[in-house]
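Sequences listed follow chains A and B, in order.
In short: position in the first sequence from 1, add 7, done, that's our numbering.
In short: position in the second sequence from 1, add 7, done, that's our numbering.
One structure is given below, encoded as structure tokens.
Number of protein chains: 2
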Amino acid sequence: MNMVGENEEIKIPQSELPRVVVVGGGFGGLRFLKKLDSSKFQVVLLDRYNYHTFQPLLYQVATAGLEPDSIAGPLRKSFQNRKNFYFRMATVNRIDEKNQKVETNIGTLKYDRLVLACGSLTNFFGNDEFEHKSFPLKQVPHALNLRSQILQNFEKAVLMTDENEMQRLMNYVIVGGGPTGVEVAGALGELKQHVLPKDFPELNLNKMQIYLVEGQERLLGAMSEYSGKRAFDYLKKFDVNIYVGKIVKAFDGEIVTLNDGMQIPTETLVWAAGVKGNAISGLTLDITPDKRFKVDEYNRVADFENIYAIGDVASMANKEYPKGHPMLAPVAIQQGELLAKNLNGMKKGKPWEAFSYTDKGTMATVGRNKAVTELLGKFKFGGFLAWLTWMFVHLILIVEFRNKIVIFGNWLWNYFTYDRGTRLIIRPFVKAKAKKKEKPKEDKEVLVA
Amino acid sequence: MNMVGENEEIKIPQSELPRVVVVGGGFGGLRFLKKLDSSKFQVVLLDRYNYHTFQPLLYQVATAGLEPDSIAGPLRKSFQNRKNFYFRMATVNRIDEKNQKVETNIGTLKYDRLVLACGSLTNFFGNDEFEHKSFPLKQVPHALNLRSQILQNFEKAVLMTDENEMQRLMNYVIVGGGPTGVEVAGALGELKQHVLPKDFPELNLNKMQIYLVEGQERLLGAMSEYSGKRAFDYLKKFDVNIYVGKIVKAFDGEIVTLNDGMQIPTETLVWAAGVKGNAISGLTLDITPDKRFKVDEYNRVADFENIYAIGDVASMANKEYPKGHPMLAPVAIQQGELLAKNLNGMKKGKPWEAFSYTDKGTMATVGRNKAVTELLGKFKFGGFLAWLTWMFVHLILIVEFRNKIVIFGNWLWNYFTYDRGTRLIIRPFVKAKAKKKEKPKEDKEVLVA
Chain A
8 MNMVGENEEI
18 KIPQSELPRV
28 VVVGGGFGGL
38 RFLKKLDSSK
48 FQVVLLDRYN
58 YHTFQPLLYQ
68 VATAGLEPDS
78 IAGPLRKSFQ
88 NRKNFYFRMA
98 TVNRIDEKNQ
108 KVETNIGTLK
118 YDRLVLACGS
128 LTNFFGNDEF
138 EHKSFPLKQV
148 PHALNLRSQI
158 LQNFEKAVLM
168 TDENEMQRLM
178 NYVIVGGGPT
188 GVEVAGALGE
198 LKQHVLPKDF
208 PELNLNKMQI
218 YLVEGQERLL
228 GAMSEYSGKR
238 AFDYLKKFDV
248 NIYVGKIVKA
258 FDGEIVTLND
268 GMQIPTETLV
278 WAAGVKGNAI
288 SGLTLDITPD
298 KRFKVDEYNR
308 VADFENIYAI
318 GDVASMANKE
328 YPKGHPMLAP
338 VAIQQGELLA
348 KNLNGMKKGK
358 PWEAFSYTDK
368 GTMATVGRNK
378 AVTELLGKFK
388 FGGFLAWLTW
398 MFVHLILIVE
408 FRNKIVIFGN
418 WLWNYFTYDR
428 GTRLIIRPFV
438 KAKAKKKEKP
448 KEDKEVLVA
Chain B
8 MNMVGENEEI
18 KIPQSELPRV
28 VVVGGGFGGL
38 RFLKKLDSSK
48 FQVVLLDRYN
58 YHTFQPLLYQ
68 VATAGLEPDS
78 IAGPLRKSFQ
88 NRKNFYFRMA
98 TVNRIDEKNQ
108 KVETNIGTLK
118 YDRLVLACGS
128 LTNFFGNDEF
138 EHKSFPLKQV
148 PHALNLRSQI
158 LQNFEKAVLM
168 TDENEMQRLM
178 NYVIVGGGPT
188 GVEVAGALGE
198 LKQHVLPKDF
208 PELNLNKMQI
218 YLVEGQERLL
228 GAMSEYSGKR
238 AFDYLKKFDV
248 NIYVGKIVKA
258 FDGEIVTLND
268 GMQIPTETLV
278 WAAGVKGNAI
288 SGLTLDITPD
298 KRFKVDEYNR
308 VADFENIYAI
318 GDVASMANKE
328 YPKGHPMLAP
338 VAIQQGELLA
348 KNLNGMKKGK
358 PWEAFSYTDK
368 GTMATVGRNK
378 AVTELLGKFK
388 FGGFLAWLTW
398 MFVHLILIVE
408 FRNKIVIFGN
418 WLWNYFTYDR
428 GTRLIIRPFV
438 KAKAKKKEKP
448 KEDKEVLVA
């Protein structure tokens with residue numbers, strides 16, 4: 008096809024205005040664009056997807072509570088009617104800082120100013136086994152894969168004649184006791200308690216076991232001890248097996264091994280143990296060990312006047328956050344907003360404002376009426392009120408009006424019916440085959456597949 | 008995994024009751040099961056998916072109007088709390104009539120009575136090119152593939168420097184002027200008119216061309232001339248290019264060739280030109296050329312007392328329908344209902360009732376306020392009232408209460424906002440590569456991919 012090649016310039020109309028190229032339509036990129044004065048800059052937004060992903064609710068897609076359209080907002084729709092705006096679906100391979108170009112899979116693109124808002128990736132800490140055999144939860148396709156896997160497990164379990172095989176299909180191991188891990192564990196607990204017993208009366212759902220493994224000594228390490236304790240208690244009500252101070256050491260696709268030697272047979276390891284920055288190669292400068300661009304207090308990537316990084320991919324170290332700010336949506340949003348403001352004021356010669364993070368609070372939900380919320384570092388509470396707050400804040404934060412309606416409708420439905428409407432195996436998940444250990448030759452047993 | 012092998016019996020609890028195995032959870036299979044007396048039979052439902060597909064609205068999933076959960080109902084949910092009911096996700100490979108067994112990918116299954124409700128497949132009339140390069144529209148994954156393809160086409164079109172390539176991406180050819188073809192053409196027309204111009208202000212959407220090709224001399228051949236004419240006029244309002252009396256002869260993945268030599272360059276050929284029965288092999292008996300089981304007036308597959316076929320896969324020929332009944336949901340529903348009634352009455356020795364199709368009407372929709380409806384063979388009308396009727400009937404027919412709410416909500420949204428909320432490329436569609444024609448060696452032109 009006569010598309011421009013990887014080395015040709017991507018077709019964007021000429022403009023007198025300086026061109027700002029934004030890489031990534033996540034929380035940071037979107038807020039930056041919403042606040043940037045569209046009469047002063049030509050903007051090109053690049054994203055590998057044609058939609059924004061509302062990541063905090065991915066776990067609800069994975070557990071059959073929501074369809075993708077609930078949490079995904081088409082990027083072109085978000086910027087309909089905006090002047091001097093161009094979207095291109097592309098993945099960025101390299102930044103050519105000398106020539107002020109980004110290199111993508113669909114061609115190169117000149118920039119006057121470059122905003123790197125490319126977020127984070129799941130961190131498997133270099134372990135191939137985890138990367139290829141576990142389920143991460145950072146993108147919509149991840150969530151749909153996990154949804155298919157969970158439902159397929161139970162469809163297979165009813166076929167099993169061997170108790171051990173059946174048990175393995177009904178075991179779920181989640182690594183990581185942060186908000187994602189806690190929320191997945193809670194949602195699986197709800198499926199176990201309210202939904203699956205009605206769908207699979209043949210199975211004894213009490214046998215379904217959910218394991219949550221956290222390396223630190225308690226859950227929700229980024230929140231207070233109070234919240235960690237409450238989340239622990241809530242999860243215990245769902246009979247979740249919580250192992251703190253333990254580390255998942257290996258997973259061969261069939262058995263999870265912990266550092267203390269404990270083994271859990273399972274088909275499904277959910278990887279919520281960490282993220283790393285999605286730093287793009289090519290910049291001759293400092294990247295932190297967790298792949299974030301070091302930025303100054305104005306989000307400028309060190310040594311460059313016209314390259315900025317915001318959100319998860321930026322590491323802004325200061326007294327309060329010596330290792331950089333936490334990789335959270337509010338940080339990205341506040342940085343995007345401030346950077347836009349600083350750029351808007353440049354022509355008038357306004358001095359740049361340094362970034363200072365306002366931590367409005369954090370929260371995590373475990374299930375219906377069960378959540379923990381911390382506001383402004385002062386108010387800590389759990390239960391129904393925390394759960395309402397959690398829902399309210401998420402409905403406000405989600406990008407498009409349509410998303411708000413769809414999610415609210417689904418939540419009402421799920422709450423009152425104790426149902427999960429989207430338990431559909433649309434694209435069956437096919438796991439990469441685990442390498443079978445070589446059997447000794449005398450062992451002639453034939454395993455029926 | 009120690010699952011039962013393909014030759015082992017699928018695990019189903021023993022029962023004193025005779026076992027009815029139902030193949031297929033479509034309109035016919037579902038209605039049959041809803042009406043069958045669950046105290047008299049043990050039922051095993053087999054389906055390759057874990058959900059029922061409401062096929063009449065697949066085209067709305069394909070054109071970004073609805074998400075899959077709108078039109079898919081989890082089968083296990085439909086039969087929650089039902090006694091003596093078992094669902095197994097499986098594809099049936101063969102029927103072993105001698106031993107009264109079905110052979111599936113997950114094992115074999117004995118039956119006392121077998122109900123074949125396995126529906127229909129897209130009919131490519133043996134043409135490999137069409138089968139591998141066009142987009143059918145019979146299953147949810149088909150619809151999602153087409154949705155991705157449409158959106159990807161436009162994302163690519165904005166990158167094109169060559170006018171011809173851009174045009175090819177903006178051309179859509181639909182084969183088949185029945186309800187599906189008309190509905191897809193209309194939905195694409197609506198995207199062209201209301202949605203895409205806002206998303207792609209860089210493109211001249213007037214260039215988007217929709218071609219509808221029908222072999223017969225008019226549209227909607229199964230309906231009246233009046234309806235065909237109205238549908239034609241409606242589609243013309245969307246600038247659809249309608250070619251009747253023409254046949255698509257070839258498609259190499261880049262160019263569609265009609266029987267009169269006309270060529271239309273396109274990336275996207277939607278195949279709505281026909282269906283055939285999904286008859287399972289193994290029965291030593293008559294199958295029609297379009298792969299349907301010949302059945303008598305009681306839906307019994309010829310020569311068998313305990314094998315039945317209903318719906319699309321059954322061909323019941325009589326005076327009124329010498330080539331069998333039309334492959335429509337109402338036929339399947341009525342046959343399923345009657346078969347259940349006949350089986351329910353057997354123990355009491357009730358005589359079997361012969362099937363007689365009540366044609367309540369047919370309809371097709373083209374777009375907002377534009378539809379054609381024929382009721383009871385008498386009343387024919389179009390426009391807003393027909394459109395309201397179409398919506399009302401579809402909302403009633405759709406299986407689950409949740410589906411009704413979700414669809415109604417989406418329709419309200421789409422109607423009042425002129426929007427389509429689900430234009431998401433979740434799983435990018437990767438087309439099998441078209442074989443390039445061998446170039447003459449002296450032609451050294453290098454095409455940039």
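Note that CB positions come from ideal geometry on N, CA and C, so glycine has one too.
A quick note: this is a predicted structure, and the numbers were derived from the prediction, not measured.
Where residue i sits in the DSSP three-state scheme
i, result
"A:Arg95", "strand"
"A:Asp293", "coil"
"A:Phe132", "coil"
"A:Phe388", "strand"
"A:Lys444", "In this prediction, A:Lys444 scores a pLDDT of 45, lower than 50, which makes its location untrustworthy; no coordinate-derived value is stated."
"B:Ser234", "helix"
"B:Glu452", "Note on B:Glu452: pLDDT 33, under 50, position unreliable in the model; no value is reported."
"B:Ala79", "strand"
"A:Ala71", "coil"
"B:Ile414", "helix"
"B:Thr380", "strand"
"B:Lys117", "strand"
"B:Val122", "strand"
C-alpha distance - residue i paired with residue j, whole-angstrom precision
i, j, result
"A:His401", "A:Gly368", "13 Å"
"B:Leu395", "A:Val122", "49 Å"
"B:Lys354", "B:Ser363", "23 Å"
"B:Gly281", "B:Tyr233", "22 Å"
"B:Arg409", "B:Ala79", "10 Å"
"A:Phe92", "A:Gly352", "19 Å"
"A:Phe384", "A:Ala339", "For the sequence presented, residue 384 of chain A should be read as Gly rather than Phe. Near 19 Å, if we compare the C-alpha coordinates of A:Ala339 and A:Gly384."
"B:Leu40", "B:Pro329", "28 Å"
"A:Leu53", "A:Lys105", "20 Å"
"A:Gly32", "B:Val255", "42 Å"
"B:Ser22", "B:Ser46", "11 Å"
"B:Glu449", "A:Ile113", "Caution applies to B:Glu449, whose pLDDT of 38 falls short of 50 and renders its modelled position unreliable; the value that the coordinates give is listed next. One C-alpha to the other measures close to 29 Å."
Test item: CB-CB of residue i and residue j under 8 Å
i, j, result
"B:Phe300", "B:Ala324", "no"
"B:Glu224", "A:Pro75", "no"
"A:Ala71", "A:Arg307", "no"
"B:Asn152", "B:Leu176", "no"
"A:Val180", "A:Tyr218", "yes"
"A:Thr477", "A:Lys108", "The shown model of chain A, from 8 to 456, leaves out residue 477 of chain A, and the question about it has no answer."
"A:Ala124", "A:Val277", "no"
"B:Arg120", "B:Val27", "yes"
"A:Phe258", "A:Glu136", "yes"
"B:Arg430", "A:Pro148", "no"
Beta-carbon neighbours of residue i, restricted to chain B and to distances below 8 Å
i, result
"A:Met215", "Result: empty, since nearest Cβ-Cβ is about 16 Å, beyond 8 Å."
"A:Asp76", "Glu74, Gly428, Thr429, Leu431"
Chain A contact residues for residue i, given Cβ-Cβ distances below 9 Å
i, result
"B:Gln87", "Lys205, Asp206, Pro208"
Cross-chain neighbours of residue i in chain B, by beta carbon under 7 Å
i, result
"A:Met96", "Glu162"
"A:Leu158", "Asn57"
"A:Pro148", "Ile433, Arg434"
"A:Pro81", "Arg430, Leu431"
Neighbouring residues, chain B, relative to residue i (Cβ below 9 Å)
i, result
"A:Tyr58", "Arg430, Leu431, Ile432, Ile433"
"A:Ala361", "The contacting residues do not exist; A:Ala361 stays about 37 Å from chain B at best."
"A:Pro63", "Those do not exist, as A:Pro63 stays about 18 Å from chain B at its closest Cβ, beyond 9 Å."
"A:Ala194", "Chain B residues near A:Ala194: none, gap ~17 Å exceeds 9 Å."
Neighbour list for residue i in chain A, Cβ cutoff strictly below 8 Å
i, result
"B:Lys236", "Simply none; closest approach about 36 Å."
Within chain A, the residues that residue i reaches when beta carbons sit closer than 7 Å
i, result
"B:Ile113", "Leu166"
Beta strand (DSSP E) runs wholly inside the region 138 to 222 of chain B, at least 3 long, in chain order = Restricting attention to beta strand (DSSP E) runs no shorter than 3 residues, the region 138 to 222 of chain B encloses them at 178 to 182, 216 to 221, ordered along the chain.
request  = Jot down the residue ranges of each uninterrupted alpha helix (DSSP H) in the region 13 to 69 of chain B, minimum 4 residues, whole runs only, in chain order.
outcome  = List check, alpha helix (DSSP H) in window: 34 to 42, 65 to 69.
request  = At 3 residues or longer, and completely inside the region 240 to 309 of chain A: list those beta strand (DSSP E) runs for me, N to C.
outcome  = The region 240 to 309 of chain A contains these whole beta strand (DSSP E) runs: 248 to 251, 255 to 258, 262 to 265, 270 to 272, 275 to 278, 282 to 284.
request  = Let me know the alpha helix (DSSP H) ranges lying completely inside the region 310 to 376 of chain B, each 4 residues or longer, listed in chain order.
outcome  = Whole alpha helix (DSSP H) segments, 4+ residues: 336 to 351.
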